[in-house]
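To start, the structure under review is shown below, and the notes come after it.
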Amino acid sequence: MEPDQSRAACALLYRHWSQGTRLEALPPELCPADRAEAYHIQACIEDFSQAPLFGWKIAATSLAGQRHIGVDGPLAGRLLAERVIEDGGVCHLGNNLMRVAELEYAFRMAGDLAPRDEAFSQDEVLARVATLHPAIELPDSRFEHFERAGLAQLIADNACAHRFVLGPASDADWCAMDLAVHPGRIFRDGMLAEQGVGSNVLGDPRIALTWLANELSRHGATLKAGQVVTTGTCVKPLAIAVGDRIEADLGILGRVSVTII
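Our numbering runs 9 ahead of the 1-based position in the sequence shown.
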């Protein structure tokens with residue numbers, strides 16, 4: 010795929026994102042043939058943002074998340090600063106097609122991880138983490154039938170990124186904890202709606218973070234200091250509607266909330 014085709018595909022997807030509209034599929038001449046072409050399309054989305062990249066998301070790190078979008082493994086996407094909501098803020102549901110909220114572990118980086126031939130170890134990645142945060146992701150897709158779009162088109166569609174809520178940095182000694190068994194709960198209007206554990210995120214949120222660092226490295230992107238990585242839902246995606254107040258609770262690791270309007 011030529012660079013101008015990548016830019017055209019991204020512009021088409023971004024226009025639908027901005028307008029809250031959908032498409033069935035990318036035109037054949039703009040459809041990525043593989044994961045690499047899809048990431049080239051996705052990278053162009055940074056040209057539409059007025060701020061530095063806020064961070065990265067991982068879609069489909071749990072079986073529930075994979076079933077939700079019809080894939081069999083994880084994919085990475087970009088978090089745009091303009092799409093981040095303050096903790097306790099509001100999210101306009103609008104024409105959101107997916108209409109779900111996801112409880113996630115998020116990590117803010119303290120140092121860069123630049124592309125290299127050798128894979129990063131989990132210890133190397135964690136050594137460059139500054140803080141851990143509870144987070145809520147509110148995904149969406151620009152495809153009318155996202156569950157049938159396939160992995161490459163979903164990567165091009167920014168891995169179903171939409172809105173994101175970052176909670177406060179945890180003051181717990183999370184490095185000494187077993188995040189794989191740590192529980193997470195998500196509430197709707199004060200009532201427990203879904204619960205899960207960290208192992209639902211590729212076995213452990215730290216494994217997911219390491220996967221993201223290596224996925225970016227394989228495709229020539231740098232995970233930069235200050236950026237946030239949200240690692241995928243540890244609970245079944247929670248259906249949401251206008252008027253819902255959603256609160257995500259990671260126990261001693263913190264809480265984060267958003268109201269849907």
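Beta carbons: idealized from backbone N, C-alpha and C, even for Gly.
A residue is called buried when at least 16 other Cβ atoms come within 10 angstroms of its Cβ; D182 does not meet this threshold and is exposed. Under the Cβ criterion (8 Å, minimum of three pairs), the stretch 227-237 counts as touching the stretch 109-123.
Judged by DSSP in its simplified three-state form, A47 adopts helix. Note that the C-beta distance between R151 and W65 is not below 8 Å. Relative to G235, the option among G159, F57, R31, P61 whose CA is nearest is P61.
The residue from L39, V138, D132 with its alpha-carbon nearest to that of Y114 is V138. Under a 10 Å Cβ-count criterion, Q28 is classified as exposed, with fewer than 16 other Cβ atoms of the shown protein chains found around its own Cβ. For H25, the enclosing alpha helix (DSSP H) stretches over residues 12-28.
About 5 Å separates the beta carbons of V265 and P143, which is inside the 8 Å limit, making them a contact pair.
Residues of the same chain with a CB within less than 8 Å of the CB of E91, apart from the 5 flanking positions on each side, are S58, Q59, A60 in chain order. Apart from sequence neighbours up to five positions away, the residues of its chain that approach E111 with a beta-carbon distance below 6 Å are E146, T242, P246, ordered along the chain. Going by DSSP, R254 is part of the beta strand (DSSP E) stretching over 254-258. The bridge partners DSSP lists for V206 are P192.
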